[in-house]
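Input: a single structure, listed below in structure tokens.
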Amino acid sequence: MANLLWLQGGACSGNTMSFLNAEEPSACDLVTDFGINVLWHPSLGVELGDNLQRLLNDCVSGKTPLDIFVFEGSVVNAPNGTGEWNRFAGKPMKQWVKALSGVATFVVAIGDCATWGGIPATAPNPSESQGLQFLKRNHGGFLGKEFRSKAGLPVINIPGCPAHPDWITQIVVAVATGRGGEIGLDELQRPKTFFQSFTQTGCTRNMHFAYKVSATEFGQRKGCLYYDLGCRGPMTHSPCNRILWNRQSSKTRSGMPCLGCTEPEFPFFDLAPGTVFKTQTVMGIPKDLPTGVDKKGYIALTGAAKNAAPAWAEQDMFIV
Amino acid sequence: MRPEEEDRLLEKIRHLLESGLKTQTEPFPETHIEFARILDELRALPQEDLRAKLVIGGFTHTPYGPDQMRCLECMYYLVHRKWCDLPELAVPVEPDWWCRLWRI
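As they're listed, the protein sequences go chains A and S. Letter by letter, the first sequence follows residues 0 to 319 in numbering that gives the first Met the number 0. Letter by letter, the second sequence follows residues 0 to 103 in numbering that gives the first Met the number 0.
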């Protein structure tokens, strides 16, 4: 039996909704098949008021062992570092986060807000939001970069806006079943099993990417969304085209550009007008090239690819 | 558009460009914001106003600039159809032509 506690800071509940939609395994499977005891969750917990405070204090004191502390949403520090804008169970949420992280065997940050600060931390960041161990790409965050949970691991970051349901439940199961130490993390503390590949990996438009055929409108079946519509699939680490959403599809498969929501800079360009769903260019060349590709190589590749493009690459191949 | 219509339109554009139609090749839109402004101008045109489309687009019937940019390398160019797939232009073009909405 592993005790799990889930709290929510500066959040929209999107990751909770995602979690409750998990299928492999489902939220119920966590309890029935994997022996996870959900001590409390904002949408599932029944304790309120004094009872909830008692439950939390028992975790902090060690009376109730806390195996997995899951945090969703940003750590709100406003106003002036007090955290009073986000009070919970009698005190600023940030105080609960500090205390519970100190006693938990594993700490898991779910979603962009908990990992990097997310949308609440977008400039000018009025809520003084931070992620648990990062603020955007800067290591540190609320808990500091030296933080380690009792298991000796840093915060396990599962980013996304929201995170895919199965990324959440599969990591929780790994931790609860004693395999937490086997989770390899990348430099941003994301599980490599999910975040080593790119969103582009498995995209049905890869042939159009290769032959440099651009989609020019949302929902088009042909064409790559990177060249014109601001898709960040070639620069974003996520398995969105390997572990499909609702087991059916992904944004890029359905003709919508990837927004890069698993990367610390999301939302990119601070949501300045004209930057969303539009590839940013300088002198006709994309500002952000596919990871690992330089400008000279990109130009050379484009010329060669256009020259070699077969006729079918220009046509709609997904016929209903 | 049927292939024969595309061919006729291509010839018409070729004729306009070769007979010296003065188009706005400069300024080249250095950023997406300037690019978007040109698109706005194109969207405001009557659909049948081919000449204005070529002028605002800055079409040339030769490669352009020190880098000899041309349609062939542009993102919007469909090689086999010889077609500019940018919705605001949507015209047949030759691979050695160029316009200032060129993107790679």
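C-beta: ideal position from N, C-alpha, C; glycine also.
Taking 8 Å as the CB-CB limit, is Pro2(S) close to chain A?
Within the second sequence, numbered from 1, the residue matching residue 2(S) stands at position 3. Not an interface residue.
Within a Cβ cutoff of 7 Å, which residues of the same chain sit near Glu83(A), ignoring the five residues on either side of it in sequence?
If you number the first sequence from 1, residue 83(A) lands on position 84. Only Pro91 meet the Cβ criterion.
List the endpoints of the continuous beta strand (DSSP E) containing Glu71(A).
Counting from 1 along the first sequence, the entry for residue 71(A) is found at position 72. Where Glu71(A) is concerned, the enclosing beta strand (DSSP E) stretches over 67–71.
Supposed contact pair Gly259(A) and Thr235(A) - C-beta distance, whole angstroms, cut 8 Å
Locating residue 235(A) in the first sequence gives position 236, counting from the first residue. Locating residue 259(A) in the first sequence gives position 260, counting from the first residue. Correct: roughly 4 Å between the Cβ atoms.
Separation of Gly44(A) from Val96(A), as counted between CA atoms
Your numbering for residue 96(A) matches position 97 in the first sequence. Your numbering for residue 44(A) matches position 45 in the first sequence. Those two C-alpha atoms are separated by around 17 Å.
Helix, strand or coil for Trp84(A) per DSSP?
On the first sequence, position 85 is the one that residue 84(A) refers to. Correct three-state label for Trp84(A): coil.
For Val172(A), the nearest candidate out of Phe317(A), Thr121(A), Thr31(A) (CA to CA)
Taking the first sequence and counting its residues from 1, one reaches residue 172(A) at position 173. Of the listed residues, the one whose Cα sits closest to Val172(A) is Thr31(A).
If you measure between the beta carbons of Gly72(A) and Ala26(A), is that distance less than 8 Å?
Position 73 of the first sequence, counted from the start, is the residue given in the question as residue 72(A). Position 27 of the first sequence, counted from the start, is the residue given in the question as residue 26(A). No, the pair does not count as a contact, with Cβ atoms beyond the cut-off.
For Arg136(A) and Gln23(S), I'd like the C-alpha separation in whole angstroms.
One-based indexing of the first sequence puts residue 136(A) at position 137. One-based indexing of the second sequence puts residue 23(S) at position 24. Going by the C-alpha atoms only, they are around 43 Å apart.
What are the partner residues of Pro190(A), as DSSP defines its beta bridges?
Your numbering for residue 190(A) matches position 191 in the first sequence. According to DSSP, Pro190(A) bridges with Leu184(A).
Beta-carbon neighbours of Val92(S), restricted to chain A and to distances below 8 Å
Here residue 92(S) refers to the residue found at position 93 when the second sequence is read from its first residue. Per Cβ cutoff of 8 Å: no residues; Val92(S) is ~13 Å from chain A at best.
On the three-state DSSP scale, how would you describe Phe197(A)?
Along the first sequence, one-based indexing puts residue 197(A) at 198. Reduced to three states, the DSSP call for Phe197(A) is strand.
In whole angstroms, give me the CA-to-CA distance for Pro86(S) and Thr215(A).
For the purposes of this step, residue 86(S) is identified with residue 87 of the second sequence, where counting begins at 1. For the purposes of this step, residue 215(A) is identified with residue 216 of the first sequence, where counting begins at 1. Each residue's alpha carbon lies about 7 Å from the other.
Classify Gln46(S) as buried or exposed, calling it buried when 16 or more other Cβ atoms lie within 10 Å of its own Cβ.
One-based indexing of the second sequence puts residue 46(S) at position 47. The residue in question, Gln46(S), is exposed, as its Cβ has fewer than 16 Cβ neighbours within 10 Å.
Give the single residue among Thr251(A), Leu3(A), Thr121(A) whose Cα lies nearest to the Cα of Leu270(A).
Along the first sequence, one-based indexing puts residue 270(A) at 271. Residue Thr121(A) is the option with its Cα nearest to Leu270(A).
Buried or exposed (CB count within 10 angstroms, at least 16 for buried), Phe217(A)
Position 218 of the first sequence, counting from 1, holds the residue named residue 217(A). It counts as exposed.
Identify the contact partners of Ile55(S) in chain A, using a Cβ-Cβ distance below 8 Å as the criterion.
On the second sequence, residue 55(S) is found 56 positions in, with the first residue counted as 1. The contacting residues do not exist; Ile55(S) stays about 17 Å from chain A at best.
Taking a contact to mean a Cβ-Cβ separation below 8 Å, would you say Leu3(A) touches Asn56(A) in this structure?
Here residue 3(A) corresponds to residue number 4 of the first sequence, with the count starting at 1. Here residue 56(A) corresponds to residue number 57 of the first sequence, with the count starting at 1. Not a contact, by the Cβ cut-off of 8 Å.
Within 8 Å of any Cβ in chain S, is that where the Cβ of Ala209(A) sits?
In the first sequence, counting from the first residue as 1, residue 209(A) sits at position 210. Judged by the 8 Å Cβ criterion, Ala209(A) is not in contact with chain S.
Could you check whether Cys160(A) and Thr198(A) sit closer than 8 Å to each other, using their CB atoms as the reference points?
Here the question's residue 198(A) lines up with position 199 in the first sequence. Here the question's residue 160(A) lines up with position 161 in the first sequence. Going by C-beta atoms, Thr198(A) is not nearer than 8 Å to Cys160(A).
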